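K.L.:
Here you go, one structure.
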Amino acid sequence: MEDLIFVSAQPDDVYFHWQVELYLYQFAKHGIKDKCYAVFGYTGSKPSSAIVELAKTYNIRWYKDTRTDKKYIPSIVPHLMKQFVKDHPTITHNLFYHDSDIFIVKLPNFELLLSDDIGYLSDTISYIGHDYIVDCSKRYKQKHPSLPDRDILTKMCQCVDISESIVKANQSCSGGAQYLLKNTDEAYWQAVENSSNKLYTLLKSYEKSYPIDHHIQMWTAGMWAHLWEYWKLGKKTAVHPELDFSWATDSIENYYKKNIFHLAGVTNETASDKFYKGLYTSKNVFKEYLKNPGLFDHVSSKSATYPYVNMIKEYSKTLDGVPPEEELTEFGMVTEGDWKGTYYKTEKQYFGKSLWRGEKYIIFFNGRCWILTGSQYENEISETCGGFGWSKGEHPYDNCWQF
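Position one of the sequence shown corresponds to residue 735 (this note's numbering), numbered consecutively onward.
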């Protein structure tokens, strides 16, 4: 396992800060700290102070997010990975690429997976494989009889310039989620970025043109792009049980049966006895727990998310006693836009966070993220109110703005 590194790639915002911080802490318990890399994409003039601080403990890298097409949010992954492999050619021959919301329950036996040129994947055949796409095609045709057979499959393959026969032949090899990829380069990741965006645009347009009750999943566009671009290079893939994973909706028994845990699947409606990460898209979960030690009392010991919250508690205690960061009451917005200048914290609050006021613009929290808009729109503030820019930083001065 000497020639293997573990990599995640994600936006530079608070939602991913705490996930990365926690998984790096948990991965380190398996003795692989030095092999782990987390890559962030920042949008302001510089990376956030949170990841700069985290880089003092772990292998953190950051790059400017220069994507021109950001409609498909996960396209940031290949965008960052192409820069990472370009800058680290000597250590990226074998990449275990994964999301930031996973734990390693038991370290997979990677020695079984490193002795050949095959790319090994977790089992996602049921929602990535050829047969799934064909089933979706049948549902579209049932509602829209004029459509050709397998129409969505044909259009997806044309979009990525891959033969339908290749996709069909690799039905049993159609994995994803966690990827052990071998000898990828900048060109591969660029192709994945391009195909991710094209597939997402296609699937979004297709659903609009041919609406049905259960349409094909648009959010997995990147998973098809990863897989199909790999096959286009003549590379082989295989699904391997060493990379099997449990979901956040699973039982604690299933958590311990799988080598990997993926904190996904819980919704606000199903979170009564589980940990729901969606509640912490704009706040640091460790700080929230330290302020309220009973925060996770509702999580059942029978839930697969139970070990996850226990790790949050354990890690938070290592932070207990650390002086809280000083919160600013004013800050300067440095940007090329007309909204640059100084913003001051006010006593007025929206959704539990203070309104900030500049000369011509205001910054408010809409329950999910910070919004910058004109002062004249203050009376129209609501959960759905938009603006000229948004940030998912914990504070409006966290340098996570997108305009």
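The beta-carbon is built from N, C-alpha and C at its ideal position, and this holds for glycine as well. Quantities reported herein were computed from a predicted structural model and do not represent experimental measurements.
Output yes or no for whether 8 Å exceeds the beta carbon distance between Val-748 and Lys-1051.
P.N.:
In this structure, Lys-1051 does not lie closer than 8 Å to Val-748 by Cβ.
K.L.:
Helix, strand or coil, according to DSSP, for Val-1000 in the structure here?
P.N.:
Val-1000: coil per DSSP, three-state reduction.
K.L.:
Comparing alpha-carbon positions, which option in Cys-770, Val-819, Asn-828 and Ser-908 lies nearest Leu-738?
P.N.:
Answer by Cα proximity: Asn-828.
K.L.:
If you compare alpha carbons, which of Pro-945, Ala-789, Ala-762 and Gln-951 is closest to Leu-933?
P.N.:
The shortest C-alpha separation from Leu-933 is found at Gln-951.
K.L.:
Excluding sequence positions up to five away, which residues of its chain have a Cβ less than 7 Å from the Cβ of His-878?
P.N.:
Contacts found: Tyr-944.
K.L.:
Where does Ser-908 land, buried or exposed, given buried means 16+ other C-beta within 10 angstroms?
P.N.:
Buried, because 16 or more other Cβ atoms sit within 10 Å of the Cβ of Ser-908.
K.L.:
Pull up the distance between the alpha-carbon of Val-1043 and that of Leu-1029, whole angstroms please.
P.N.:
Computed Cα separation, rounded: 10 Å.
K.L.:
When burial is assigned at 16 or more other CB atoms within 10 Å of the CB, is Ile-900 buried or exposed?
P.N.:
Exposed, because fewer than 16 other Cβ atoms sit within 10 Å of the Cβ of Ile-900.
K.L.:
I think Ile-862 touches Thr-954, with their Cβ atoms under 8 Å apart; what is that distance to the nearest whole Å?
P.N.:
Rounded, the Cβ-Cβ distance is 6 Å, consistent with contact.
K.L.:
Per DSSP, which residues does Ile-1096 bridge with? Please list them.
P.N.:
According to DSSP, which records beta bridges pairwise, Ile-1096 is partnered with Arg-1091 and Thr-1107.
K.L.:
Are the Cβ atoms of Tyr-757 and Ser-860 separated by less than 8 Å?
P.N.:
No, they are not a contact pair.
K.L.:
Between Phe-818, Thr-802 and Lys-992, which has its C-alpha nearest Phe-740's C-alpha?
P.N.:
The shortest C-alpha separation from Phe-740 is found at Phe-818.
K.L.:
Does the stretch 917–934 come within contact of the stretch 808–818, defined as at least 3 CB pairs closer than 8 Å?
P.N.:
Short answer: they touch.
K.L.:
Between the Cα of Leu-1013 and those of Gln-1136, Gly-1101 and Pro-842, spot the shortest distance and give me the residue it belongs to.
P.N.:
Considering only alpha carbons, the answer is Gly-1101.
K.L.:
At the level of alpha carbons, what is the spacing between Asp-883 and Lys-780?
P.N.:
Their Cα atoms are separated by approximately 50 Å.
K.L.:
Starting from Thr-824, trace the alpha helix (DSSP H) in both directions and tell me its first and last residue.
P.N.:
No alpha helix (DSSP H) holds Thr-824; DSSP gives it neither H nor E.
K.L.:
DSSP on Gly-853, reduced to helix/strand/coil?
P.N.:
Reduced to three states, the DSSP call for Gly-853 is strand.
K.L.:
Quick check: what's the CA-CA separation for Gln-876 versus Asp-865?
P.N.:
Approximately 16 Å between the Cα atoms of the pair.
K.L.:
Using C-beta distances below 8 Å, list every residue in its chain close to Ser-985, excluding the 5 sequence neighbours before and after it, in chain order.
P.N.:
Hits under 8 Å: Lys-1036, Ser-1037 and Ala-1038.
K.L.:
Span of the beta strand (DSSP E) holding Met-952?
P.N.:
Met-952 -> no beta strand (DSSP E), and no H or E assigned at all.
K.L.:
Going by DSSP, what residue range makes up the alpha helix (DSSP H) through Lys-1082?
P.N.:
That residue, Lys-1082, is in no alpha helix (DSSP H); its beta strand (DSSP E) goes 1075–1084.
K.L.:
Measure the alpha-carbon distance for Ala-784 versus Cys-1103 and round it to whole angstroms.
P.N.:
Rounded to whole angstroms, Ala-784 to Cys-1103 spans 17 Å at the Cα level.
K.L.:
Output yes or no for whether 8 Å exceeds the beta carbon distance between Ala-772 and Ile-794.
P.N.:
In contact: Ala-772 and Ile-794 (Cβ atoms closer than 8 Å).
K.L.:
Tell me the DSSP secondary structure of Trp-752 in three-state form.
P.N.:
Reduced to three states, the DSSP call for Trp-752 is helix.
K.L.:
If you draw a straight line from the C-alpha of Asp-869 to the C-alpha of Lys-1074, how long is it?
P.N.:
If I take the Cα positions, the gap works out to 51 Å.
K.L.:
Taking the alpha-carbon positions, what's the Thr-983 to Ser-856 distance?
P.N.:
Answer to the nearest angstrom: the Cα atoms are 18 Å apart.
K.L.:
For the beta strand (DSSP E) that Ala-911 lies in, which residues bound it at each end?
P.N.:
Segment 910–916, the beta strand (DSSP E) holding Ala-911.
K.L.:
Please give the ranges of any beta strand (DSSP E) in the stretch 989–1036, keeping only runs that are unbroken, at least 3 residues long and fully inside the region.
P.N.:
994–996, all fully within the stretch 989–1036.
K.L.:
Restricting to Cα atoms, I'd like to know which of Asn-993, Tyr-964 and Phe-1098 is closest to Ala-1082.
P.N.:
The sequence as given places Lys at residue 1082; Ala does not occur at that position. Considering only alpha carbons, the answer is Phe-1098.
K.L.:
Between Phe-995 and Ile-766, is the Cβ-Cβ spacing less than 8 Å?
P.N.:
Contact: no.
K.L.:
Do you know whose CA, among Lys-966, Ser-1016 and Arg-873, lies nearest Tyr-949's CA?
P.N.:
Reading off the sequence shown, one finds His at residue 949, where the question assumed Tyr. Answer by Cα proximity: Arg-873.
K.L.:
Leu-887 to Asn-1113, Cα distance in whole Å?
P.N.:
Each residue's alpha carbon lies about 48 Å from the other.
K.L.:
Could you name the residues of the same chain whose beta carbon sits closer than 7 Å to that of Cys-893, not counting the 5 residues immediately before and after it, in chain order?
P.N.:
Excluding positions up to five away in sequence, the list reads Lys-932, Leu-933 and Leu-936.
K.L.:
Rounded to whole angstroms, what is the Cα-Cα separation between Trp-1135 and Gly-1071?
P.N.:
Answer to the nearest angstrom: the Cα atoms are 12 Å apart.
K.L.:
Name the DSSP bridge partner or partners of Glu-1064?
P.N.:
Note: Glu-1064 sits in a beta bridge opposite Tyr-1078.
K.L.:
With distances taken Cα to Cα, identify the nearest neighbour of Ser-742 among Ser-906, Lys-1079 and Val-811.
P.N.:
Per the Cα distances, Val-811.
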